[in-house]
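I have placed the structure first, in the form of structure tokens, so that the comments after it can refer back to it.
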Amino acid sequence: MVKAVVRAGLLTLGLVWVALAADTALADEVKRYVVEGSPAAERESCVEPTETMRRMHMEFIKHQRISTVHEGIRGTKYSLTGCVDCHISYDENRNPRPIDQPDQFCGACHNYAAVDLNCFDCHASVPNRPGADAEAAHRAAGVVGRVASTPPQGGR
Numbered sequence: 119m120v121k122a123v124v125r126a127g128l129l130t131l132g133l134v135w136v137a138l139a140a141d142t143a144l145a146d147e148v149k150r151y152v153v154e155g156s157p158a159a160e161r162e163s164c165v166e167p168t169e170t171m172r173r174m175h176m177e178f179i180k181h182q183r184i185s186t187v188h189e190g191i192r193g194t195k196y197s198l199t200g201c202v203d204c205h206i207s208y209d210e211n212r213n214p215r216p217i218d219q220p221d222q223f224c225g226a227c228h229n230y231a232a233v234d235l236n237c238f239d240c241h242a243s244v245p246n247r248p249g250a251d252a253e254a255a256h257r258a259a260g261v262v263g264r265v266a267s268t269p270p271q272g273g274r
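Just so it is clear: in the sequence shown, position 8 is 126 by the working numbering, and no numbers are missing.
Here it is, written out as structure tokens:
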């Protein structure tokens, strides 16, 4: 009986150790998805602590979508534009690389987590700014057909 209790205790301890080691490895693995050279790489955390963003960013984005679409409120700390602006990286010619590519911030993490990334079916995957620079950036990134040439003006 004592041997069974000791075995069960050791087994439990082993499972806890493996779970903690795996969690640390996963955190290290995901941490590498912040792309060097992006503004995000220079920060300690996002608009919320990193762990909160990993688990809750979709809820923040959905809440922001409701505020933007139904109430005309734009530019708050959970805007998708803000995410793209901070996490975007650039190629050697200073053209923005689409953030949904498999080796970029959103694409890499969603690929790792096996989660469908459909935000950019409608939204710009590179910074969407008015003017010739934005159009050239969209052309260079191959996303011209997926974004509007000028962002909407005003709130509603």
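Positions of the beta carbon are idealized from the N, C-alpha and C atoms, including for glycine. All values reported here derive from a predicted model rather than from experimental measurement.
For S207, the three-state secondary structure derived from DSSP is strand. Here DSSP, grouped into helix, strand and coil, assigns R215 to strand. The beta carbon of T186 lies closer than 7 Å to those of R192 in the same chain, with the five residues before and after it left out. Annotation for N229: P220 place their beta carbon closer than 6 Å to its own, counting only its chain and skipping 5 residues before and after. Straight-line spacing of the CA atoms in S197 and A159 works out to 19 Å. Going by DSSP, C227 is part of the alpha helix (DSSP H) stretching over F223 to A231. Shown here, A126 sits in a helix according to DSSP, grouped into three states. Nearest Cα to D209 within the set R125, L131, S156 and E189: S156. Under the three-state reduction of DSSP, C164 is assigned to coil, being neither helix nor strand.
Straight-line measurement puts the Cα of D234 at about 14 Å from the Cα of I217. Taking every protein chain shown into account, the CB of S163 has fewer than 16 other CB atoms within 10 angstroms, so this residue is exposed. Between V244 and I206, the CB-CB gap stays under 8 Å. Secondary structure at T199: helix, using DSSP grouped into helix, strand and coil.
Using a 10 angstroms sphere on the CB of C237, the tally of other CB atoms reaches 16 or more, which defines it as buried. If you check the CB distance, K121 and V165 do not come in under 8 Å.
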